[in-house]
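The opening position of the sequence shown corresponds to residue 1 in full-length UniProt numbering, with each subsequent residue numbered one higher. What follows is a single structure, written as structure tokens, with notes after it.
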Amino acid sequence: MATQHEVGRRHRGMIEDEDAAIGKLGEEFDDAGCLLISEVELVFSQPDALGDGAAGRDDVATAVFSKTKDYVTEFSRYKDPNTIREIRELLLKHAKLDDKPVDEDGNEIDAPDTGLQLTQFEMAQLANLCITEVDEAKALIPTLATRDDALLDSLLQELDNVRRFS
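Here it is in structure tokens:
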């Protein structure tokens, strides 16, 4: 029986369990990267980057695009591109190597096998939620429960310093 965090899905006749609390987001997310809300807002701020105002777009797509743009503008924590880059670089120091971290141009970055070994999803959550306490991080992102408290606290303090002084 599925818990409140689990959802059963049928895939080729088999039921797959999804459970974000254990980092199991579903097959379609296995190789997906995650952007920070601020990175999405940066893309949306580029003139015609996504065909903003393109002729022939239907009303539903335009409404969804507009609502998405409003959302990322409202919840974007970092406005300066250099700050966004600095936040991403701090997180990449703790990236899980399986996730093949990339820079803003899409080039793979060599990252040592050290740090917290964060997944793309965990990195995005830490930046988007602006967490400052280890207990809060582990409560909001259950997959961090087994991670080293001292390393996590150090990363949270570094992220907070960038946020405060940018």
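Each residue gets a CB set at the ideal place from its N, CA and C atoms; glycine is no exception.
Ranked by Cα distance from leucine 126, the first of Leu91, Ala145, Arg164, Lys96 is Leu91.
In the DSSP assignment, lysine 24 forms a beta bridge with Asp19.
If you look at leucine 155, you'll find it in the alpha helix (DSSP H) that goes 149 to 164. Around the Cβ of isoleucine 22, a 10 Å sphere holds fewer than 16 other Cβ atoms; the residue is exposed.
With a beta-carbon spacing of about 7 Å, leucine 155 and leucine 116 fall inside the 8 Å limit used to define contacts. Under DSSP, leucine 92 shares a beta bridge with no residue. By the neighbour-count definition (other C-beta atoms within 10 Å, threshold 16), glutamate 41 is a buried residue.
Excluding five sequence positions before and after valine 72, the CB atoms of its chain that fall closer than 7 Å to its own CB belong to Ile37, Val40, Glu41, Phe44, given in chain order. Under DSSP, leucine 118 forms a beta bridge with Ala95. Inter-residue distance for lysine 69 and phenylalanine 75 is about 10 Å (C-alpha atoms, whole angstroms).
Looking only at Ala95, Phe65, Tyr78, Gln46, the smallest Cα-Cα distance to leucine 129 is reached by Tyr78. Between the C-alpha atoms of alanine 124 and isoleucine 84 there is a straight-line separation of about 12 Å.
Note on geometry: alpha-carbon atoms of alanine 61 and leucine 151 lie some 43 Å from one another.
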